[in-house]
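J.:
In the UniProt record's numbering, the protein residues as written are 1 to 108.
(1) In this structure, does DSSP put residue 10 in helix, strand or coil?
(2) State the DSSP-derived secondary structure class of residue 16, mapped to helix, strand or coil.
(3) Counting C-beta neighbours from all protein chains within 10 Å, is the total for residue 26 16 or more, i.e. buried, or is it exposed?
(4) So for residue 70, helix, strand or coil by DSSP?
(5) Locate the beta strand (DSSP E) running through residue 63, then write down its first and last residues.
(6) When you compare only the Cα positions, how much space is there between residue 24 and residue 41?
(7) According to DSSP, is residue 34 helix, strand or coil?
(8) Under the assumption that residue 8 contacts residue 80 (Cβ atoms under 8 Å), give the Cβ distance between them as a whole number of angstroms.
(9) Can you tell me the Cα-Cα spacing of residue 32 and residue 2, whole angstroms?
(10) What does the alpha-carbon distance come out to for the pair residue 96 and residue 46?
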């Protein structure tokens with residue numbers, strides 16, 4: 001399961017409206033190779049649900065995760081910060097043994 005913080009939910013809803021996206025477009029979270037720690041998070045809107053996707057819903061936000069990425073993302077919280085040190089979505093991942101300074105890549 002992936003948990004969505006209240007601030008992340010608010011920002012997702014704002015982005016969906018700002019970008020003119022329909023409510024059928026859900027959040028897809030995946031993990032790809034790359035970044036300074038070896039693995040990178042990928043986050044975006046997606047209206048397509050495929051048979052191998054795992055679909056989670058938290059606070060009214062549907063999250064799509066492919067089977068491979070789920071191994072790395074189980075128990076992760078999606079957070080949004082807008083403080084002085086940066087603005088954007090952050091992944092609080094209990095499976096990550098190391099993360100880079102930007103928070104966009106990790107290793108297990």
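Idealized CB from N, CA, C, for every residue including glycine.
T.: On the basis of the supplied data:
(1) Stepping through the chain shown from its first residue, residue 10 is reached at position 10. Helix.
(2) Your numbering for residue 16 matches position 16 in the chain shown. Residue 16: helix per DSSP, three-state reduction.
(3) Taking the first residue of the chain shown as 1, we reach residue 26 at position 26. That one is buried.
(4) Within the chain shown, residue 70 is the residue found at index 70, counting from 1. Residue state, collapsed to three classes: helix.
(5) For this step, residue 63 is matched to residue 63 along the chain shown. Residue 63 -> beta strand (DSSP E) spans 61 to 65.
(6) If you number the chain shown from 1, residue 24 lands on position 24. If you number the chain shown from 1, residue 41 lands on position 41. Their Cα atoms are separated by approximately 22 Å.
(7) Within the chain shown, numbered from 1, the residue matching residue 34 stands at position 34. Coil.
(8) Walking along the chain shown from the start, residue 8 turns up at place 8. Walking along the chain shown from the start, residue 80 turns up at place 80. Correct: roughly 4 Å between the Cβ atoms.
(9) By one-based count along the chain shown, residue 32 stands at place 32. By one-based count along the chain shown, residue 2 stands at place 2. One C-alpha to the other measures close to 17 Å.
(10) Numbered from its first residue, the chain shown carries residue 96 at position 96. Numbered from its first residue, the chain shown carries residue 46 at position 46. Between residue 96 and residue 46, the C-alpha separation is close to 25 Å.
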